[in-house]
């Protein structure tokens, strides 16, 4: 037994020593493997792009249920919308299945009508039970009605008050009960969430459940196969209306572990991977020969919400004290330069209209810049000079845990003891929707200011007690009028002013502390060319289109 | 009564020479001595953590996160800019606390169940030992996961979870010897003069298997430390910001290619501590196990 143990000890020491040496070696390995790949002269056109997806498995490839990045990544290649965000350049919008973006018409009864002409000759992929067929107005009507049906869509709330009618085979009219400005209307029919157009015959033939693992659309890539917890395979759609893709297909591999994805990329077994939101990681990979890293928007915004119905956060002084105790720059440093940036209002001014910039909040004295002395004074004013303690739950995911742990240390400096209990990600989501946290950190991207404000600050959205409980963790009900009037305002400038006004109110009451946004990080072989710029992408992935190539 | 006193005196005389013999056997086993020394060192590190740690293990300095080893931070800084050396030192406290308390709790409960089942026999024995069998059927980590999933995370709950993992092992170990001991003359004699059940179990049966239990305790302390590291590694451990080795290894894995020392330092700490308790347990077995003594 003793000899056996000694042998084990010796073996473990050797393994540890090898582990210590591994990073130095792996660099040279990568260089040589990429050299080999270059020498081999990989085929360019007709290559299959291998994509390392940061997830253990898909959740739904029915685009109207695809809410995770891993699913949005796949459905954005299979489906189109009536309009689309310009590839790599959201929020600019251009026609997709429609031939042009129409001007809305007002009706006598105060409604608004948008009439879309459809492209002709757009082909639905062949499905498991259906042949390829031409997409018509029937499919568009069917699809938007599906999006509005809460039993068949996760985004039904977005389609309240919308009536879709077929005018003829290539014309669709959409009537809005309440007129909307283009900035609020167009995202509903864009290539994002409920706006994706599904092929009605295919989904009717297989049923909703089967459609979740066998999507049929009109996009540049067609679904071929799915192996649970392993991969999803797409092939090029030769009849794509913008021209056949330059790639032969895309193979998405489900790999939740960053080390595995990174090794796959370094070894040349993957062409594109979801990276790590760390400046050091970005630098390390960028420094490798044959590899490149893209850091792009849209950024998911981390905001801290205070439940104003919970003691002691019902006192504005306490909420403001916490705001002053937090150091935005220290949070940014957690991710490193370039990966994250500050935001100064719940709607990120960097990505959409209606947000407040640093200059805006400076002018109004609403920046809440780091000032621990001020924090202590405010706590003393609230009768909490000795501090207080409160419990929160955090997800085990880095994007949350990092923020909670950094916040914990910063609040400790002013005498506030925040006890963090780490739970799994889905448990955190259900607990915070059950009011478990008096202070909630939430990281999310929403397509426009109206969605941000409605879902996080409208009284209908208050968690547990709201009319339509959503993500108003603050229990805030003071800006309903502003949100509603902004939504009904069709003059864009006036609408933006109303949104800004709403946010000034939020900051004055300090019901939410806007912290930062985090960019998307993807690494690739430098032979991969997406075929479009990478500024901001709604579906949070680099967007593989018919123009994407893998070069020589 | 007189017989019992005489027995006790004879035993006391024997014990002195027996202790010397045991110590000699133990010191002859070099690996066991190394294990003992390492355990003492780890215990001293845990005890004097506030003196030994050069920095506050909780103080963050995010502007210098993942900084490499330097004169001020000999083992570098973690992903919040905290001192890795200080955190590794403080984490020894948690590991030892979890290791010792969970074995103490699990060992006590398991032993009582094992002895009671073995002594009572019949339906009680069948019921208790089948429950133990069911618990033994699950791998350690799965049982720990199940318990933590029900109870939630945290230090105290982690100790309970590991105690539940450990207790059936002790029940099994205590059960076997009890079956033999209950038929021994001194037990039959005690029963015949009407000694109560509780006294019987703890005065006449338990002392005869203490050696084996001690060996088990030492070996399972190592396992408890390992299980704690495993559970912390998968994110079900002690709440932040308390440092634990498993959590540190977990936090470091995503940085393995850029800042490997972040995971390797706590990894070595777990390795050394688990090895130390295993070597110590092995040495104790040599000393206390009558079969091996021969």
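Chains as they are written, first to last, in my numbering: chain A, 7 to 558; chain B, 199 to 492.
Think of the CB as a built atom: it goes at the ideal place given N, C-alpha and C, for glycine as much as any other residue.
For residue i, name the three-state secondary structure that DSSP assigns.
i             : result
residue 481/B : helix
residue 73/A  : coil
residue 180/A : strand
residue 336/B : coil
residue 419/B : helix
residue 258/A : strand
residue 216/B : helix
residue 525/A : strand
residue 78/A  : helix
residue 188/A : helix
residue 427/A : strand
residue 373/B : helix
residue 396/B : helix
residue 472/B : helix
residue 101/A : strand
residue 237/A : strand
residue 534/A : strand
residue 457/A : helix
residue 206/A : helix
Any C-beta of chain A sitting closer than 8 Å to the C-beta of residue i?
i             : result
residue 455/B : yes
residue 263/B : yes
residue 260/B : yes
residue 409/B : no
residue 274/B : no
Spatial neighbours of residue i within its chain, please: C-beta separation below 8 Å, excluding the five flanking residues on both sides.
i             : result
residue 268/B : 274
residue 511/A : 484, 485, 488
residue 113/A : 119, 181
residue 413/B : 479, 482, 483, 486, 487
Run down chain A in chain order and give the residues with a C-beta less than 9 Å from the C-beta of residue i.
i             : result
residue 278/B : 340, 408, 411, 412, 415
residue 433/B : 402, 407, 428, 429, 430
Note down, in chain order, every chain A residue with its Cβ under 8 Å from the Cβ of residue i.
i             : result
residue 437/B : 425, 426, 427, 428
residue 350/B : 427, 429
residue 482/B : Per Cβ cutoff of 8 Å: no residues; residue 482/B is ~12 Å from chain A at best.
With a CB to CB cut of under 6 Å and the five nearest residues on each side skipped, what residues in its chain are close to residue i?
i             : result
residue 326/B : 311, 315
residue 476/A : 461, 467
residue 272/B : 283
residue 401/A : 431, 434
residue 32/A  : In this predicted model, residue 32/A has a pLDDT of only 34, less than 50, meaning its place in the structure is not dependable; the value taken from the coordinates is given anyway. If we look at residue 32/A and ignore the five residues flanking it on each side, it has no Cβ neighbours.
residue 290/B : 240, 243, 244
residue 279/A : 58, 267, 271, 529
Counting contacts by CB-CB distance shorter than 8 Å, is residue i in contact with chain B?
i             : result
residue 32/A  : Residue placement at residue 32/A is flagged as unreliable, the pLDDT there being 34, under the threshold of 50; the coordinate-derived value follows with that caveat. At least one chain B Cβ lies under 8 Å of residue 32/A.
residue 336/A : yes
residue 275/A : no
residue 402/A : yes
residue 268/A : yes
residue 295/A : no
Whose Cβ in chain B lies nearer than 8 Å to the Cβ of residue i?
i             : result
residue 264/A : 452
Quick one: what's got a C-beta closer than 7 Å to residue i's C-beta in the same chain, skipping five residues either side?
i             : result
residue 553/A : 252, 537, 538
residue 96/A  : 304, 542, 543, 544
residue 493/B : Look at the range of chain B in this structure, 199 to 492, and you will see that residue 493/B is not part of it.
residue 140/A : 127, 128, 129
residue 423/A : 393, 395
Residue i touches chain A at which residues, Cβ-Cβ below 7 Å?
i             : result
residue 256/B : 415
For chain D, find out if any of its Cβ atoms is closer than 8 Å to the Cβ of residue i; answer yes or no.
i             : result
residue 263/B : Absent here is chain D; the protein component of the structure consists of chains A and B.
Using Cβ-Cβ distances below 7 Å, what residues of the segment 277-293 of chain A are close to chain B?
So the list reads 282, 286, 287, 290, given in the order they occur along the chain.
With 9 Å as the limit, tell me which residues of the segment 364-392 of chain B have their beta carbon closer than that to any beta carbon of chain A; keep them in chain order.
Listed by position along the chain: nothing, the set is empty.
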